[in-house]
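According to mature numbering (1 follows the signal peptide of the UniProt record, and there is no 0), the stretch in the sequence shown is residues -37 to -1, 1 to 142, in order.
This report refers to the structure that appears directly beneath it.
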Amino acid sequence: MKRFMKGGSRPLQLGALSLGLLSALAGSLVIAPSAIAATTDQPGYTVEPVGTPLEPGYTVENYIHPNAEQIAATTNILLKEGDGQIIYATCDSSKPTQIKVESSIRPGAKICFDVTGPTGWLKMEIPGSFGVRSGAKELTITTTESGAAPEQQTVPANTNMGIDPIDSGEVTLVELRVK
């Protein structure tokens, strides 16, 4: 194959076509190793699929208590939402900072919460509540009885307080708040 025409220095079209074909082939060779690496397990060499974010996603606080569904299923305590500073815990007599709630749904046992910050709040439903111990900080509790308007009471630090029903109905503890 001659690259130049007789008597001139102009290239043939066949040569230009060959160059285009060669560059396309070279481009496919560059792509081929990455396609192979994506499908094989080669340590230290990874290719992220198209559309995969390279940065971690953002965490969005939804204020739902961790393991709320599991706790509700095993204890009949509905933990609705909170700021994460008051969390359901196993009762521990060596922790004077724990908030302890007495309820008819757990006869002879207390329902305990750890306070992990200087302030905190947790909305819940603990039916049959009749007593609370505040722990190391002053506590505000909100209760309701048989659909009545919620009522707030303050429990001084390290104090036991009874929760008496107004109309001899069942009292439900609906919120704990530490300030």
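Using N, Cα and C, we set each Cβ at its ideal position, and we do this for glycine too.
Given the structure is predicted, the values throughout are model-derived calculations rather than measurements.
Pair within 8 Å by beta-carbon distance, residue i and residue j
i, j, result
"Val137", "Pro119", "no"
"Ile50", "Val141", "no"
"Asn39", "Ile68", "yes"
"residue 209", "Thr117", "The structure shown does not extend to residue 209, since the chain is modelled only from -37 through 142, so no value can be given for it."
"Gly94", "Gly71", "no"
"Leu41", "Leu85", "no"
Cβ neighbour criterion (16 or more within 10 Å) applied to residue i
i, result
"residue 146", "Here the chain has residues from -37 to 142 only, and residue 146 is not among them."
"Gln61", "buried"
"Glu65", "buried"
"Ile89", "buried"
"Ser57", "exposed"
"Thr37", "exposed"
Spatial neighbours of residue i in its chain, beta-carbon cut-off 8 Å, leaving aside the 5 residues before and after
i, result
"Thr122", "Arg96 and Ser97"
"Thr107", "Pro113, Glu114, Val134, Thr135 and Val137"
Endpoints, beta strand (DSSP E) assigned at residue i
i, result
"Thr38", "No beta strand (DSSP E) holds Thr38; the alpha helix (DSSP H) holding it covers Ala31 to Thr38."
"Gln48", "Premise fails: Gln48 is in no beta strand (DSSP E) and is neither H nor E."
"Arg140", "Val134 to Val141"
"Lys86", "Gly83 to Pro90"
"Gln116", "Glu114 to Val118"
"Asp77", "Lys73 to Val78"
Other residues of its chain near residue i: CB distance less than 6 Å, five sequence neighbours each side excluded
i, result
"Gly83", "Asp46, Gln48, Ile49 and Val141"
"Lys63", "Lys73, Cys75 and Arg96"
"Ser109", "Gly132"
"Thr105", "Pro113, Gln115, Val137 and Glu138"
Proximal residues to residue i (C-beta, below 7 Å), its chain only, five neighbours per side dropped
i, result
"Ile27", "Glu44"
"Val78", "Gln48, Ile49, Thr60, Ile62, Gly98, Lys100 and Val141"
"Pro128", "Glu108 and Val134"
Residue i CB to nearest heavy atom of the ligand FAD below 7 Å
i, result
"Ile104", "With respect to the ligand FAD, the structure offers nothing, as it holds no ligand at all."
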